[in-house]
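Enquirer: Below: one structure in structure tokens.
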Amino acid sequence: MEKKVEVIMYSHPIHDFQYKNGELYCEGVKVSAIVKKVGTPVYIYSYKTLVDHYRKIREAFKAVDPIICFAMKANSNIALLSALVKEGAGFDIVSGGELKKARLVKADMKRIAFASVGKTEEEIFDAVNAGILLFNVESRPELNNINRIAGKMRKKVQVALRINPDIDVPTHDKINTGSLKKKFGIDLKTARDIFLGQKEFKNLRINGVHIHIGSQIIKGEPFLVAIEKALAFIDELERDGVKVEFFDIGGGLGIVYKDETPQTAKEYADKVLPLLKGRTFRLLMEPGRFIAGNAGIFVTRKLYLKDNGVKKFMIVDAGMNDLVRPSMYGSYHEIIPVKKVGGKKVHCDVVGPICESGDIFAHDRDMENVKDGELLAVLSAGAYGYVMSSNYNVRPRSAEVMVKGRQWAVVQERETFKDLIKGAKVPGFLK
Ligand code: LLP
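Residues 1049 to 1479 (our numbering) make up the sequence shown, in order.
See below:
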């Protein structure tokens, strides 16, 4: 009998999660078969979706051969990072921990850019020692510090200044970084003064410009405004004799969560590349969500349906500690049954077991009325999912699984209670 295959999202990204005969598959593997062995909650990543999205960017920008630094903050699972390293990716890192992960997966240090508004002495030391490509710097005091540390280490360090283009970006306030009301970047006047006076920083080569205006940006216009502003800034510097060797346009490309129609990598490139004609700098990009977001789902089990007479609540075995985006940003994630049941839908909130009203995955949703104990998949959970999870309510972090074709493996074990109390002690004076 021919299997009925149905792609669950109709816009471009999530084609490697499909229903076959009413059962959800990730590539060639039944999601329910993974859960049988690993339990819930669990993050499941499709290798193919991940790599396809990386390749989409690489292809779209191939004319300028950019250094694509995957923003590790979106997902730092080492299997996923390794897959990207094999594809030639570098990383945008923001902490000493991320640097260590980059080394663990044998990333090319010449493809690493280190951002963050507050790098510590130890982090700077480690990154200089590792020989990373670029520090993306966001303030003069930090510049002084890097200069001092590099001097002590007798090293010359390359720096890009993250400029704040001060533009309005239509995205959630908490992930909007392109205006001077936010902590990010350096205002244009200060940045220009630093470039022109860079002799004062003997151990630095300040030769790059960095922008990152925010995340989950659906349409290209804000990017273009920011890039044009940065290019005008670069032109002015070059007129004054400063050579800009790196231009890092950050990340921020939006993906499908519901019914968005975000720009594709190609549409983005078609708009950006003409602006870069004739330029000699090396282009860097820092996409995170675009590469990992649609490559992951999060699977949880329905425990109960509660009806308090006013409203119905579908209670699941995962909480805001596992996937915080809906509670933190009010983000929408599609939630579908792992085994379709059909029939009349139930109008409810989908909530976790945590003692907060904000512990919610969906508001007023028409959900398939699955039986207690059945599985639900939360879609587009590959970016800012597991990495933002916590142990709130003494809940172990979930497991992570990667699927490649018909093969699959646990790539992060579920935490145990022992993991949760590691290093915890009751002091002698309480005994
Ligand atoms: N570069 C820099 C300097 C960044 O700060 C970020 C994200 C990226 C690149 C990657 O942005 P992407 O391509 O993933 O949009 N937790 C939030 C998103 C926070 C984004 C932080 N910075 C969420 O779940 O929506």
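Ideal placement from N, C-alpha and C gives every residue a C-beta, glycine not left out.
Quick check on the DSSP output: the alpha helix (DSSP H) that includes proline 1270 runs from which residue to which?
Expert: Run containing proline 1270: 1269-1287, per the alpha helix (DSSP H) assignment.
Enquirer: Can you give me the start and stop residues for the alpha helix (DSSP H) that aspartate 1420 sits inside?
Expert: Counting along the chain, aspartate 1420 falls outside any alpha helix (DSSP H), and DSSP gives it neither H nor E.
Enquirer: Going by the DSSP bridge assignment, what does serine 1094 pair with across the sheet?
Expert: Paired residue(s): Val1451.
Enquirer: Where lysine 1121 and phenylalanine 1173 are concerned, what is the direct C-alpha to C-alpha distance, given to the nearest angstrom?
Expert: Whole-angstrom Cα-Cα distance: 21 Å.
Enquirer: With a cut-off of 8 Å, do at least 3 Cβ pairs link the segment 1296-1316 to the segment 1240-1249?
Expert: At 8 Å Cβ cutoff, the stretches do not touch.
Enquirer: Just to confirm my understanding: we take lysine 1387, look at its own chain, exclude 5 residues before and 5 after, and list those with CB closer than 8 Å. What are they?
Expert: Within the same chain, lysine 1387 has close Cβ partners Gly1070, Glu1071, Leu1072, Ser1080, Val1418, Glu1422, Leu1423.
Enquirer: Anyone know if the C-beta pair for isoleucine 1254 and glycine 1300 falls short of 8 Å?
Expert: The answer is no: Cβ separation not under 8 Å.
Enquirer: Please determine, among Ala1343, Leu1191, Gly1256, the residue with the shortest C-alpha to C-alpha distance to tyrosine 1091.
Expert: The residue with the shortest Cα to Cα distance from tyrosine 1091 is Ala1343.
Enquirer: Return the chain-ordered ranges of every beta strand (DSSP E) run that is complete within the segment 1184-1262 and spans a minimum of 3 residues.
Expert: Here the runs fully enclosed are 1205-1210, 1252-1258.
Enquirer: Take glycine 1078 and list the residues in its own chain whose beta-carbon comes closer than 7 Å to its own, dropping the five residues that flank it on each side.
Expert: Residue identity differs from the one stated: residue 1078 is lysine in this sequence, not glycine. Cβ neighbours of lysine 1078 beyond the five flanking positions: Glu1071.
Enquirer: Which runs of the beta strand (DSSP E) at least 3 residues long sit entirely within the segment 1348-1395? Give them in chain order.
Expert: Within the segment 1348-1395, the complete beta strand (DSSP E) runs of at least 3 residues are 1360-1364, 1383-1385.
Enquirer: With respect to 7 Å, is the separation between the Cβ of glycine 1300 and the closest non-hydrogen atom of the ligand LLP below this value?
Expert: Yes, the ligand LLP has a heavy atom inside 7 Å of this Cβ.
Enquirer: Out of Phe1346, Tyr1352, Lys1452, point me to the one whose CA is closest to histidine 1381's CA.
Expert: Comparing Cα-Cα distances from histidine 1381 to each of Phe1346, Tyr1352, Lys1452, the minimum goes to Phe1346.
Enquirer: One question on the structure: do phenylalanine 1329 and phenylalanine 1294 come within less than 8 Å of each other, judged by their Cβ atoms?
Expert: Contact flag set, yes.
Enquirer: Give the straight-line distance between the Cα atoms of valine 1442 and leucine 1468, rounded to the nearest whole angstrom.
Expert: C-alpha separation (whole angstroms): 7 Å.
Enquirer: Among Ala1137, Lys1250, Phe1183, Lys1231, whose alpha-carbon lies nearest the alpha-carbon of arginine 1202?
Expert: Residue Lys1250 is the option with its Cα nearest to arginine 1202.
Enquirer: What is the DSSP secondary structure of tyrosine 1102, counted as helix, strand or coil?
Expert: Helix, per DSSP.
Enquirer: Please report the straight-line C-alpha distance between valine 1185 and valine 1358, rounded to a whole angstrom.
Expert: In a straight line, the C-alpha of valine 1185 is about 52 Å away from that of valine 1358.
Enquirer: Which term fits leucine 1129, buried or exposed, when burial requires 16 or more other beta carbons within 10 angstroms of its beta carbon?
Expert: When all chains shown are included, leucine 1129 counts as buried.
Enquirer: Say the cut is 7 Å; is the CB of histidine 1381 nearer than that to a heavy atom of the ligand ATP?
Expert: The ligand content of the structure shown is limited to the ligand LLP, which means the ligand ATP is not among them.
Enquirer: Hey, could you find the ends of the alpha helix (DSSP H) isoleucine 1126 is sitting in?
Expert: Note, isoleucine 1126: alpha helix (DSSP H), 1126-1134.
Enquirer: Mind checking if arginine 1287 is an interface residue toward chain C, Cβ cutoff 8 Å exclusive?
Expert: Of the chains in the structure shown, none is chain C; there is only one protein chain.
Enquirer: So, helix, strand or coil for arginine 1462, using DSSP?
Expert: In this structure, arginine 1462 counts as coil in the three-state DSSP scheme.
Enquirer: For isoleucine 1180, which residues in the same chain have their Cβ closer than 6 Å to its Cβ, ignoring the five residues on either side in sequence?
Expert: Excluding sequence neighbours, isoleucine 1180 sits near Met1157, Ile1160, Phe1162.
Enquirer: For the pair the segment 1392-1404 and the segment 1349-1363, tell me if three or more CB-CB distances fall below 8 Å.
Expert: As far as the Cβ criterion goes, the segment 1392-1404 touches the segment 1349-1363, which means the pair count is three or higher.
Enquirer: Verify the contact flag: glutamate 1486, CB atom, against every heavy atom of the ligand LLP, threshold strictly below 7 Å.
Expert: The shown model of the chain, from 1049 to 1479, leaves out residue 1486, and the question about it has no answer.
Enquirer: Using three-state DSSP, classify tyrosine 1067 as helix, strand or coil.
Expert: In the structure shown, tyrosine 1067 sits in a strand (DSSP, three-state: E or B).
Enquirer: Going by Cα to Cα distance, which pick from Lys1200, Val1320, Ile1259 is closest to serine 1227?
Expert: Minimum Cα distance to serine 1227 is reached at Ile1259.
Enquirer: Rounded to whole angstroms, what is the Cα-Cα separation between glycine 1430 and arginine 1287?
Expert: Going from the Cα of glycine 1430 to the Cα of arginine 1287 covers about 43 Å.
Enquirer: Measuring from the CB of lysine 1306, is there a heavy atom of the ligand LLP at a distance below 7 Å?
Expert: Outside the cutoff, so no.
Enquirer: Considering only the alpha carbon of each residue, which of Ile1384, Ala1410, Val1451, Leu1371 lies closest to proline 1444?
Expert: Proline 1444 has its Cα closest to that of Leu1371, out of Ile1384, Ala1410, Val1451, Leu1371.
Enquirer: What residue ranges within the segment 1112-1177 form continuous beta strand (DSSP E) runs of no fewer than 3 residues, ordered along the chain?
Expert: Fully enclosed beta strand (DSSP E) runs of 3 or longer: 1115-1119, 1138-1141, 1160-1162.
Enquirer: Which residues share a DSSP beta bridge with valine 1426?
Expert: Per DSSP, Phe1346, Ile1383.
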